[in-house]
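Engineer: Be aware that the sequence shown starts at 14, since it is given in my numbering, and climbs by one per residue.
Where is the CB? At the ideal position from N, CA and C, for every residue including glycine.
After the structure tokens below, expect a handful of questions from me.
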Amino acid sequence: MSLLSAARGVSQVMNRCEDAKSTGFLDLSDCELMYIADALYMVLSGYEINRCSLKNNKLKKFPLKMIANFPNMDVFNLEGNQITELPTEISRWTKLRGINIARNKFTQFPEQLFEC
Numbered sequence: 014m015s016l017l018s019a020a021r022g023v024s025q026v027m028n029r030c031e032d033a034k035s036t037g038f039l040d041l042s043d044c045e046l047m048y049i050a051d052a053l054y055m056v057l058s059g060y061e062i063n064r065c066s067l068k069n070n071k072l073k074k075f076p077l078k079m080i081a082n083f084p085n086m087d088v089f090n091l092e093g094n095q096i097t098e099l100p101t102e103i104s105r106w107t108k109l110r111g112i113n114i115a116r117n118k119f120t121q122f123p124e125q126l127f128e129c
């Protein structure tokens with residue numbers, strides 16, 4: 014990835030964070046993210062984010078800080094990543110009514126989803 018391409022990616026993420034401040038929907042689909050930077054949580058601190066799409070990225074681990082920073086998550090889309098398991102902490106999302114984990118690398122159905 015070139016420096017210019019990386020800069021465009023950062024700009025795209027920041028623009029989407031700004032949109033999320035007014036809509037409550039954080040759409041980081043197709044951003045080629047390998048992880049969620051701490052700066053994202055700082056930018057969105059104090060804002061109510063209740064829907065999030067991380068579809069079609071390169072995440073290998075569930076972004077655990079999402080749970081603490083966005084406790085009222087309602088819909089969460091992780092489709093098309095490389096995640097192998099969900100954390101037990103996901104049960105803290107008591108308002109969660111929809112999650113998409115299709116096209117990841119799970120080897121068994123995440124039992125944590127029964128607790129949400």
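P100: which of E92, F75, N90 and M27 sits nearest, CA to CA?
Structural biologist: Ranking the options by Cα distance to P100, first place goes to F75.
Engineer: Measure the C-alpha to C-alpha separation of N28 and Y60 and round it to an integer number of angstroms.
Structural biologist: Distance between the alpha carbons of N28 and Y60 is about 15 Å.
Engineer: Going by beta-carbon coordinates alone, are R116 and V88 separated by less than 8 Å?
Structural biologist: No, the pair does not count as a contact, with Cβ atoms beyond the cut-off.
Engineer: According to DSSP, is S66 helix, strand or coil?
Structural biologist: Three-state result, S66: strand.
Engineer: For a test of the three-state rule: what should DSSP assign to N28, helix, strand or coil?
Structural biologist: Here N28 sits in helix by DSSP.
Engineer: Report the residue ranges of all beta strand (DSSP E) runs contained in full by the segment 50-117; include only those spanning at least 3 residues, in chain order.
Structural biologist: Those beta strand (DSSP E) runs which fall completely within the segment 50-117 and span 3+ residues are 64-66, 88-90 and 111-113.
Engineer: Return the CA-CA distance between T107 and L91, expressed in angstroms with no decimal places.
Structural biologist: Roughly 18 Å separates the two Cα atoms.
Engineer: For A33, is the classification buried or exposed, using 16 other Cβ atoms within 10 angstroms of its Cβ as the cut-off for buried?
Structural biologist: Buried, because 16 or more other Cβ atoms sit within 10 Å of the Cβ of A33.
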